[in-house]
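J.:
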Amino acid sequence: MNYIHNDKLDLSILYVEDELITRMTIHKILAARYAKIYLAQDGREGLAIFEQYRPDIIITDTRMPVMDGLKMSRSVRALDAQVPIIFTTANEDSDFIEETRKLGITRNIIKPILLKDLLATVEDVAGKILSRKTSPATK
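To convert, take the position in the sequence shown, counting from 1, and add 778; that gives the numbering used here.
#1: Is the CB-CB distance between E795 and D839 below 8 Å?
#2: Out of F865, I907 and V861, which has the shortest C-alpha to C-alpha gap to I891?
#3: Taking its Cβ as the centre, do 16 or more other Cβ atoms sit within 10 Å of M764, making it buried, or is it exposed?
#4: Tell me whether the beta-carbon of D904 lies closer than 8 Å to the beta-carbon of I888.
#5: Between T840 and chain B, is there a C-beta pair that is closer than 8 Å?
#6: Quick test of your reading: Y812 and L792, contact by CB under 8 Å. State the CB separation rounded to the nearest angstrom.
#7: Roughly how many angstroms separate the alpha carbons of L808 and K894, rounded to a whole number?
#8: Return yes when the Cβ of L881 is within less than 8 Å of the Cβ of M850, no when it is not.
#9: List the endpoints of the continuous alpha helix (DSSP H) containing T899.
#10: According to DSSP, simplified to helix, strand and coil, what is D873?
Here it is, written out as structure tokens:
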């Protein structure tokens, strides 16, 4: 099976961010590399998109109106314990870090976001997903 489609990796990403400029900037960067990018402006919208489309990777801010990233991630984990979740956050508090560890968050990227860190994390996660999809045990 070919996992490259129109020069993009055949993976879907849900990006949840309440700040419009950040959301659109990151969307443009991700859309150049990955086949499908879903956007949400808060956790409630992100959860609805996750339930409908089941993206391969979630990237989410933690502090947002309506529903924050932690609450959304708890709901996602109730539906799917394995989907990689990457947090973008300004919170480096040890209690918060422990909470993300318990939730099985793949990585916390501290804001302001360094694009090289975000892209390296997404590439690493994408590589692991594609390896699982192409391994003989999953065919």
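For every residue, glycine included, the Cβ atom is placed at its ideal position computed from N, Cα and C.
T.: The structure says:
#1: Closer than 8 Å, so yes.
#2: F865
#3: Outside the shown range of the chain, which is 779 to 917, sits residue 764, and nothing can be said about it.
#4: Sequence inspection shows Ala at residue 904; the Asp mentioned does not correspond to that position. Not in contact: A904 and I888 (Cβ atoms no closer than 8 Å).
#5: This model lacks chain B altogether, as it is built from one protein chain only.
#6: Not really, about 11 Å apart at Cβ, beyond 8 Å.
#7: A straight line joining the alpha-carbon of L808 with that of K894 spans about 12 Å.
#8: no
#9: L893 to T912
#10: helix
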